[in-house]
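Step one of this worksheet: look at the structure below.
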Amino acid sequence: MKEINVAVTGGAGQIAYSLLPRLVSGETFGSDTKVNLRLIEIPQVVDKLQGTIMELIDCGFEQTGKLIATSDIKEGVKDADWVLLVGSIPRGIVIDGKKIEERSDLLKINGGIFTDQGAAIGELAKSDAKVLVVGNPANTNALIGMNKANNSSQQWFAMTALDANRAKAQLAEKAGVEISSLKNMVIWGNHSPTMYPDPYNATIDGQSAAEVINDSRWLEDDYLPLVQQRGKAVIDARGASSAASAANAAIDTVKSVINPTEEGDCFSAAVVSDGSYGVPEGLIFGFPLQTTQEGKIEIIQGIELNDFAKAKIKITTEELESERQAVADLIS
Ligand SMILES: NC(=O)c1ccc[n+]([C@@H]2O[C@H](COP(=O)([O-])OP(=O)(O)OC[C@H]3O[C@@H](n4cnc5c(N)ncnc54)[C@H](O)[C@@H]3O)[C@@H](O)[C@H]2O)c1
13 MKEINVAVTG
23 GAGQIAYSLL
33 PRLVSGETFG
43 SDTKVNLRLI
53 EIPQVVDKLQ
63 GTIMELIDCG
73 FEQTGKLIAT
83 SDIKEGVKDA
93 DWVLLVGSIP
103 RGIVIDGKKI
113 EERSDLLKIN
123 GGIFTDQGAA
133 IGELAKSDAK
143 VLVVGNPANT
153 NALIGMNKAN
163 NSSQQWFAMT
173 ALDANRAKAQ
183 LAEKAGVEIS
193 SLKNMVIWGN
203 HSPTMYPDPY
213 NATIDGQSAA
223 EVINDSRWLE
233 DDYLPLVQQR
243 GKAVIDARGA
253 SSAASAANAA
263 IDTVKSVINP
273 TEEGDCFSAA
283 VVSDGSYGVP
293 EGLIFGFPLQ
303 TTQEGKIEII
313 QGIELNDFAK
323 AKIKITTEEL
333 ESERQAVADL
343 IS
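Mind the numbering: the sequence shown is residues 13 to 344 in our numbering, read in order.
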């Protein structure tokens, strides 16, 4: 059996609870791959991970390798092939008597976490390590981590696959088709309510989803807010943020990165912009991606954007630019 090392921060959180068994079951990395898992938590919580480890052992998967719990990021990411950065400080937490509500405060607090984690990954994870940031604000956390890692042979992603799955599900429901009919779902920009889920380039059985649905009022006035605000709707209904679907999207992203993308399809994740589609270089931006047969991740070029799409992409780009400004001192 092959053997890989996977590190997960936020190992005792609710996303991790759904994510971890699927990482070590053979489902994600293949039945021929043993997964050594390093669970990383803050010192106050790290002991709880012993319970998680017991449960993972009790699952009895033959692909489960060594299981380690640590609060030392360096120990956790050493020689890692994959690092899933799930842990972060949520909005609304009280720190030093102050409730953290402002996005700029949240950016700074999480920025502090992602500087140390990024530096450790750049120094100690494998030279071809892949890093997926799930913890919010995901794009800008990834921007900070990637800059601090300063290791161009590693590859950083921020997760937008949950948005893509939500975006597909709503189109499938509206069109009355199976979800498997939906392909090429692009989430442009930030994993935030400014994201642009693109119904014009998504396809239903090979035809533009927008053409199949043929209701531009619904697409532009109802569909977009439905997808953009879906995370909030789940929180309002469940009293907690999406966890099983977020874990599922993380698994989807890993699978999309390690397996070649089918012809006529793409996957969504945010990666560092090389200037494609006029997006400022260096931003971590949601693009249409493909994995080639050789395992290279590429931004798919040549996708047509109508004026509506361009206006929406401008908004999300501006938001990411302002987030970059807010953490300028952390990435210089
Ligand atoms: N990108 C997406 O689509 C998406 C979707 C859903 C949730 N999220 C985000 O994922 C994150 C995790 O969500 P959750 O529901 O599991 O939260 P949670 O609060 O249940 O768990 C987070 C865990 O992270 C840990 N943690 C905090 N700082 C850490 C650090 N420096 N190192 C290691 N661990 C640390 C906490 O102790 C906690 O156990 C949140 O930021 C949430 O907003 C992203």
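Each residue gets a CB set at the ideal place from its N, CA and C atoms; glycine is no exception.
Under a Cβ-count criterion, where at least 16 other Cβ atoms within 10 Å of its own Cβ denotes burial, should residue i be classed as buried or exposed?
{"i": "Q373", "result": "This structure cannot settle anything about residue 373, because the visible part of the chain is limited to 13 through 344."}
{"i": "T304", "result": "exposed"}
{"i": "S100", "result": "buried"}
{"i": "N318", "result": "exposed"}
{"i": "S257", "result": "buried"}
{"i": "N162", "result": "exposed"}
{"i": "E331", "result": "buried"}
{"i": "M13", "result": "exposed"}
{"i": "G307", "result": "exposed"}
Compute the Euclidean distance between the alpha carbons of residue i and residue j, then round it to the nearest angstrom.
{"i": "T329", "j": "A92", "result": "32 Å"}
{"i": "P211", "j": "K138", "result": "38 Å"}
{"i": "I343", "j": "Q75", "result": "38 Å"}
{"i": "A179", "j": "P237", "result": "10 Å"}
{"i": "A81", "j": "E87", "result": "10 Å"}
{"i": "G157", "j": "S192", "result": "34 Å"}
{"i": "A10", "j": "C278", "result": "No answer is possible for residue 10: the residues shown for the chain start at 13 and end at 344."}
{"i": "N260", "j": "G147", "result": "14 Å"}
{"i": "V106", "j": "I112", "result": "6 Å"}
{"i": "V283", "j": "W168", "result": "6 Å"}
Going by DSSP, which residues form a beta bridge with residue i?
{"i": "G201", "result": "G298"}
{"i": "Q26", "result": "Paired residue(s): none; Q26 is not in a bridge."}
{"i": "E15", "result": "K46"}
{"i": "E310", "result": "Q302"}
{"i": "L79", "result": "L49"}
{"i": "S268", "result": "For S268, which the question treats as bridged, DSSP gives no partner whatsoever."}
{"i": "I133", "result": "Answer is none; I133 lacks a bridge partner."}
{"i": "L194", "result": "I216"}
ask   = Touch check for the segment 58–77 and the segment 296–312: three-plus C-beta pairs under 8 Å?
value = no
Three or more C-beta pairs below 8 Å linking the segment 170–178 and the segment 117–130 = no
message = Assess contact between the segment 184–192 and the segment 271–280, defined as three or more Cβ pairs (one per stretch) separated by less than 8 Å. Is contact present?
response = no
query = Can at least three beta-carbon pairs, one atom from the segment 258–269 and one from the segment 35–49, be found at a separation below 8 Å?
reply = yes
ask   = With contact counted as at least three CB pairs below 8 Å, one residue from each stretch, are the segment 140–158 and the segment 211–229 in contact?
value = no
query = Does the segment 22–40 come close enough to the segment 54–62 to have 3 or more Cβ pairs within less than 8 Å?
reply = yes
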